[in-house]
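Going from the sequence shown to my numbering is simple: count from 1 and add 27. Have a look at the structure below before the remarks.
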Amino acid sequence: MVSGCAPPIIDGVGDCTAMLIEHLAAARPEWRWTWLARRPRWFHSPVVEGLGYRLVRPVHTWLGATRGLAPFTIRSLRPSIVHIQEQIHSYFQSDAAILLARSTRAPVVTTLHEYHVELESVAHTTSLVRISDVVIANDSRNAERSRTEAGREPDALLWSGNTVPPPEPDWGVRRRPGLVATFGFVNALKSLGWVFGAIESLRSSGDESLAWRVVGPFHPESDAGHAELARTMSRPWVEFTGGAHARDRKLRTWLAEAEIMALPYADGASMRRTTLHAAWALGIPVITTPPPHDEPAIVDGRNCLLVRTADPKAWADAIRAIRCDAGLAERLRQGGLETADRYGWPELARRHLALYDDLLAARSDGRSS
Numbered sequence: 028m029v030s031g032c033a034p035p036i037i038d039g040v041g042d043c044t045a046m047l048i049e050h051l052a053a054a055r056p057e058w059r060w061t062w063l064a065r066r067p068r069w070f071h072s073p074v075v076e077g078l079g080y081r082l083v084r085p086v087h088t089w090l091g092a093t094r095g096l097a098p099f100t101i102r103s104l105r106p107s108i109v110h111i112q113e114q115i116h117s118y119f120q121s122d123a124a125i126l127l128a129r130s131t132r133a134p135v136v137t138t139l140h141e142y143h144v145e146l147e148s149v150a151h152t153t154s155l156v157r158i159s160d161v162v163i164a165n166d167s168r169n170a171e172r173s174r175t176e177a178g179r180e181p182d183a184l185l186w187s188g189n190t191v192p193p194p195e196p197d198w199g200v201r202r203r204p205g206l207v208a209t210f211g212f213v214n215a216l217k218s219l220g221w222v223f224g225a226i227e228s229l230r231s232s233g234d235e236s237l238a239w240r241v242v243g244p245f246h247p248e249s250d251a252g253h254a255e256l257a258r259t260m261s262r263p264w265v266e267f268t269g270g271a272h273a274r275d276r277k278l279r280t281w282l283a284e285a286e287i288m289a290l291p292y293a294d295g296a297s298m299r300r301t302t303l304h305a306a307w308a309l310g311i312p313v314i315t316t317p318p319p320h321d322e323p324a325i326v327d328g329r330n331c332l333l334v335r336t337a338d339p340k341a342w343a344d345a346i347r348a349i350r351c352d353a354g355l356a357e358r359l360r361q362g363g364l365e366t367a368d369r370y371g372w373p374e375l376a377r378r379h380l381a382l383y384d385d386l387l388a389a390r391s392d393g394r395s396s
């Protein structure tokens, strides 16, 4: 298993990989599981044992002369399969994933967590797709981009699961009426102004119990976009928590306290969104934007409310609807929990193992013939 980053680095793909390999190792303990990633700093241990798998971190960057250690490590491990978790930002927009794929004689599986057609580095993702033996797309958009950019039909259309465990019962976490949370990386792909305007409008109309918690890495001291948000959205009822690791007690509490989860994806909801899966798994009613491609698992009125108009008023209407209709809130909560169960890690691990088994069987048949 290969990903650009691994915990404790805050990285959605790394968190997904951690959950996946944990469930794979539990389901197939007779296999030898190794996860290769970069380490947070050069002085951290290159090998971590005792996780049910071995975490190997030969490099702390994917740039420069030291990145050659990672291909060398793959060759020395002599794996039966190399599974690359592709997210170009995790590899510093370099060709590191391609070097890793070409460094082994084992069949290569690639999961497309993102396909950034707007970046020049998309050429690396496209090249990786073309040399992979099996390609997994984790949502319909990435599948379509695989077809159009690389001319490759994915072998499987899967999803990214929830990476945030629910709070422990003895923590005593309770919902906070009026608390709206938004979870994820704070960047241009989140239309935060819609949610901010909606809550400001509702508060001006008399609902002063509403508050907004934005959960995710936040660095106004070094990020110009974050600094602008801190300036324009500075209100007593707005909280920017900053980042925390997926299993951190603080993060789990911040999310579980929310009455509503508002996920204003500028490019639409999809099954690759770990933040959407987290809201479902935590039983939080979700308001989000419509998927850009067909996503049968995302059902308006059942496991989310889809806001189809890009303005604060539409978001205010959705927030008001959930707060004023207990039946709707409960239906969304139960629908989310059911979806989280159906698209959980045990099922995702089962499907991965089936792909691995088919790939190894085909390779064995090829050698025998």
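All residues carry an ideal CB built from backbone N, CA and C; glycine is no exception.
Can you tell me the Cα-Cα spacing of I111 and D275, whole angstroms? Each residue's Cα considered, the two are about 26 angstroms apart.
Over the uninterrupted alpha helix (DSSP H) stretch that includes I48, give me the two end residues. Boundaries of the alpha helix (DSSP H) harbouring I48: 39-54, taken from the DSSP string.
If you run the structure through DSSP and keep just helix, strand and coil, what is R174? In the three-state reduction of the DSSP assignment, R174 falls in the helix class.
Suppose you measure from the CA of W372 to the CA of E49; what does that come to, to the nearest Å? One C-alpha to the other measures close to 9 angstroms.
At the level of alpha carbons, what is the spacing between L380 and L51? When the Cα atoms are used, L380 and L51 turn out to be separated by approximately 7 angstroms.
Based on DSSP bridge pairs, tell me the residues matched to F70. DSSP, once it has assigned bridges, lists no residue as partnering F70.
Report the rounded CA-to-CA distance for S322 versus D166, giving the unit in angstroms. According to the sequence as given, residue 322 is Glu; it is not Ser. As the crow flies, the alpha-carbon of E322 is around 8 angstroms from that of D166.
Shortest alpha-carbon distance to D385 belongs to which of V136, G205, E286, V191? Nearest C-alpha to D385: V136.
With DSSP run on the structure shown, which of helix, strand or coil describes D327? In the displayed model, D327 falls within a strand according to three-state DSSP.
With respect to the beta strand (DSSP E) encompassing T366, which residues constitute its N-terminal and C-terminal limits? T366: not part of any beta strand (DSSP E); member of the alpha helix (DSSP H) spanning 353-369, first to last residue.
With DSSP collapsed to three states, give me the class of W221. DSSP places W221 in helix when its eight states are reduced to three.
Using 10 angstroms around the beta-carbon of V83, count the other beta-carbons present and answer buried if the total reaches 16, otherwise exposed. That one is buried.
Reducing DSSP to helix, strand and coil, say where H110 ends up. Under the three-state reduction of DSSP output, H110 falls in the strand class.
Do you know offhand how far S391's Cα is from A337's? S391 and A337 have their C-alpha atoms roughly 53 angstroms apart.
So, at 7 angstroms on beta carbons, what are the nonlocal neighbours of P98 in its own chain, with the 5 sequence-adjacent residues on each side left out? Answer for P98: L126, L127, S130, listed in chain order.
Please return the same chain residues whose Cβ sits closer than 8 angstroms to the Cβ of W281, not counting the five positions on each side in sequence. For W281, the CB contacts under 8 angstroms within the same chain, skipping 5 residues up- and downstream, are A208, R240, V242, T268, A271 in chain order.
Distance, Cα to Cα, C351 vs H320? Each residue's Cα considered, the two are about 31 angstroms apart.
What is the rounded straight-line gap between the Cα of S261 and the Cα of R105? Here the alpha carbon of S261 sits roughly 54 angstroms from the alpha carbon of R105.
I think I314 touches A289, with their Cβ atoms under 8 angstroms apart; what is that distance to the nearest whole Å? The pair is a contact, with the Cβ atoms about 5 angstroms apart (cut-off 8 angstroms).
Mapping the DSSP letters down to three states, classify E195 as helix, strand or coil. Coil.
Please go through the same chain and pick out, in chain order, the residues whose beta-carbon is closer than 7 angstroms to the beta-carbon of A343, but skip the five residues on each side of it. Excluding residues within five positions, the ones whose Cβ falls inside 7 angstroms are A225, S228, L229.
If you reduce the DSSP assignment to three classes, tell me which class V156 lands in. V156: helix per DSSP, three-state reduction.
Identify, in the order they occur along the chain, each residue of the same chain with its Cβ nearer than 8 angstroms to the Cβ of D160, setting aside the five sequence neighbours on each side. If we look at D160 and ignore the five residues flanking it on each side, its Cβ neighbours are P134, V135, V136, L386.
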